[in-house]
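Trainee: Have a look at this one before I ask anything.
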Amino acid sequence: MTRIELIDIVKTFGGVNACDGVDLLIEEREFVTLLGPSGCGKSTTLNLIAGLDDVTSGTILMNGKRVNELSPYQRDVAMVFQQYALYPHMTVAENIGFTLRLRKRPKSEIRERVQRVAELLELTALLDRLPRELSGGQQQRVAIGRAVIREPGVFLFDEPFSNLDAALRIRMRSEVRQLHDRLGVTSVFVTHDQEEAMSISDRIAVMRLGKVEQFGTPEEIYSTPVSKYVAQFVGSPRMNILDGELLRSGKQTDFRFGPIVIPLGAQAATIGAIDGNRIELGIRSEHVRIGDSGLPAMVRFVQPIGPETHVTVGWNDTAQTLIARVPGIVRLQPGAQVDVVLDPASMLFFDPETGNRIAGA
Ligand code: ATP
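Using this note's numbering, the letters of the sequence shown correspond one by one to residues -1 to 359.
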């Protein structure tokens, strides 16, 4: 059981700050995911926790003890990468037991521990096979087995499922999460896949340009994003953003974009003074309904995806559009006139200059 603390971590590569002041407190037994687009510093942060690389400045604590100077082995962490890097000429059993052989553990102990790990990961029937005789998912399970057998306090995963097909990726997610719970370890997982992060994590750190922009539970990240960046990084389709202005008159506040005016709910009253009244309104597509009476709009594009349909609507005289997520199959044609209803209680408001959320939720 390990608690990990990153304090003001900076890592510079030839003038580029891959990590630019990362602060993170990961509790014992927590499953934390570092999420963000390519190049935001996720892998660098993970490598620094692992001890595969040295920090430029800042402190890494594990269970309150400074580990900056410790080797990966001394840190009691095990890492699983996207590339499984199994030894091709060794059987599954030999691959899994390799670290124990290096540590010169007795043969009987190695056999017993390999057996236990194989049972845990449902690899028992495959122990005598070579890696090339396994599917991608099985190979990745062997790679995880190699990490598990070390009985580390911390598991570090760097995009471990990127090479697997979609169905297998979903299965491996729940396998890894269950393994984490069963072993009672602390896990740090890197991915750029928001759905993967949402489904597997206790908390998610959304990273941007070498910094943690928000650290919270999947629900917090989804429902109360601190910024437009976070809001649009999680959820599919991306959160709708309308760029417009506030119209205040007496107690009533409206939002105008192009020729369209939408009355806002009570929370609009909490929006303070803003420069030129410019504001961005964010609303998730599940909070945009197609109803009987609402805002008249024109259907632009209909995308049935099985259990739901994504309907893009727009207006004349503005290029801005909204996506509504409608349950089931919807028989609408582009060009059809519909009424859209936006739930005022689900609206978020962002400062167009800073991108920060300034009201809503
Ligand atoms: P990806 O998902 O593409 O792996 P990432 O979020 O994990 O992205 P990092 O790999 O941590 O991002 O990289 C962060 C930044 O640091 C990038 O600009 C990258 O080019 C740079 N960088 C990372 N490693 C090195 C290195 N060894 N030498 C030079 N620059 C590096």
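Each residue gets a CB set at the ideal place from its N, CA and C atoms; glycine is no exception.
Should N314 be labelled buried (16 or more other beta-carbon atoms within 10 Å of its own) or exposed?
Mentor: So N314 ends up on the exposed side.
Trainee: For V115, name the three-state secondary structure that DSSP assigns.
Mentor: It is helical.
Trainee: Within 10 angstroms of the Cβ of I361, are there 16 or more other Cβ atoms? Answer buried if so, exposed if not.
Mentor: Any property of residue 361 remains undetermined from this structure, which presents the chain solely from -1 to 359.
Trainee: Is the beta carbon of L346 less than 9 Å from the beta carbon of L279?
Mentor: Taking 9 Å as the Cβ cut-off, L346 and L279 qualify as a contacting pair.
Trainee: Just how far apart, CA to CA, sit G19 and A48?
Mentor: Answer to the nearest angstrom: the Cα atoms are 18 Å apart.
Trainee: In angstroms with no decimal places, state the Cα-to-Cα distance between H87 and L128.
Mentor: One C-alpha to the other measures close to 7 Å.
Trainee: Any idea what DSSP makes of M296, helix, strand or coil?
Mentor: In the structure shown, M296 sits in a strand (DSSP, three-state: E or B).
Trainee: From V311 to R323, what does the alpha carbon distance come to, in whole angstroms?
Mentor: About 11 Å.
Trainee: Taking Cβ positions, are A295 and Q335 nearer each other than 9 Å?
Mentor: The answer is yes: Cβ separation under 9 Å.
Trainee: E211 to A91, Cα distance in whole Å?
Mentor: The straight-line gap from Cα to Cα measures roughly 42 Å.
Trainee: For the pair the segment 279 to 294 and the segment 220 to 240, tell me if three or more CB-CB distances fall below 8 Å.
Mentor: Contact between the segment 279 to 294 and the segment 220 to 240 is present, because at least three Cβ pairs lie under 8 Å.
Trainee: Could you tell me the distance, in whole angstroms, from the CA atom of V53 to the CA atom of L44?
Mentor: C-alpha separation (whole angstroms): 11 Å.
Trainee: Can you tell me whether M77 sits near the ligand ATP, meaning its C-beta is under 8 Å from at least one heavy atom of the ligand?
Mentor: Because no heavy atom of the ligand ATP lies under 8 Å away, the Cβ of M77 does not count as near it: no.
Trainee: Give the single residue among T251, L166, L181 and V228 whose Cα lies nearest to the Cα of N275.
Mentor: Residue T251 is the option with its Cα nearest to N275.
Trainee: Would P216 pass as a contact of F187 if the rule is Cβ separation under 9 Å?
Mentor: No, Cβ-Cβ distance for P216 and F187 is not below 9 Å.
Trainee: Taking only heavy atoms of the ligand FMN into account, decide whether any of them is closer than 8 Å to the Cβ of A16.
Mentor: Looking for the ligand FMN in the displayed structure turns up nothing; the ligands present are the ligand ATP.
Trainee: Looking at chain C, is there any beta carbon in it that lies within less than 9 Å of the beta carbon of S283?
Mentor: Although the question refers to chain C, the structure presented lacks it and comprises just one protein chain.
Trainee: Can you find at least 3 beta carbon pairs, one from the segment 119 to 137 and one from the segment 56 to 63, that sit closer than 8 Å?
Mentor: No: the two stretches stay apart, fewer than three of their Cβ pairs being nearer than 8 Å.
Trainee: What is the C-beta distance between D156 and M77, in whole angstroms, given that I count them as a contact (C-beta under 8 Å)?
Mentor: D156 to M77, Cβ: 7 Å. Contact.
Trainee: Which runs of the beta strand (DSSP E), 3 residues or longer, sit entirely within the segment 178 to 219?
Mentor: Whole beta strand (DSSP E) segments, 3+ residues: 184 to 189, 201 to 206 and 209 to 214.
Trainee: In terms of residues, what are the limits of the alpha helix (DSSP H) holding S41?
Mentor: Looking at the DSSP string, the run of the alpha helix (DSSP H) that includes S41 is K40 to A48.
Trainee: In the DSSP assignment, the alpha helix (DSSP H) including I94 goes from what residue to what residue?
Mentor: V90 to L100 is the span of the alpha helix (DSSP H), which, as asked, contains I94.
Trainee: Along the beta strand (DSSP E) that carries F79, what are the first and last residues, could you check?
Mentor: Looking at the DSSP string, F79 is not in any beta strand (DSSP E), and its letter there is neither H nor E.
Trainee: In or out: P150 buried (at least 16 other Cβ within 10 Å) or exposed?
Mentor: Answer is buried; the Cβ neighbour count reaches 16.
Trainee: Helix or strand or just coil, what does DSSP make of S133?
Mentor: Three-state result, S133: coil.
Trainee: Assuming Q331 is part of the beta strand (DSSP E), what are its boundary residues?
Mentor: First-last for Q331: undefined, no H or E at that position.
Trainee: Comparing C-alpha positions only, which one of T222, G182, I202 and Q136 sits nearest to R355?
Mentor: Comparing Cα positions, the closest option is T222.
Trainee: Please tell me whether, using a cut-off of 8 Å, the distance from the CB of E157 to the nearest non-hydrogen atom of the ligand ATP is below it.
Mentor: Yes.
Trainee: Using 8 Å as the cut-off, classify the Cβ of S41 as near or not near the heavy atoms of the ligand ATP, replying yes or no.
Mentor: Yes.
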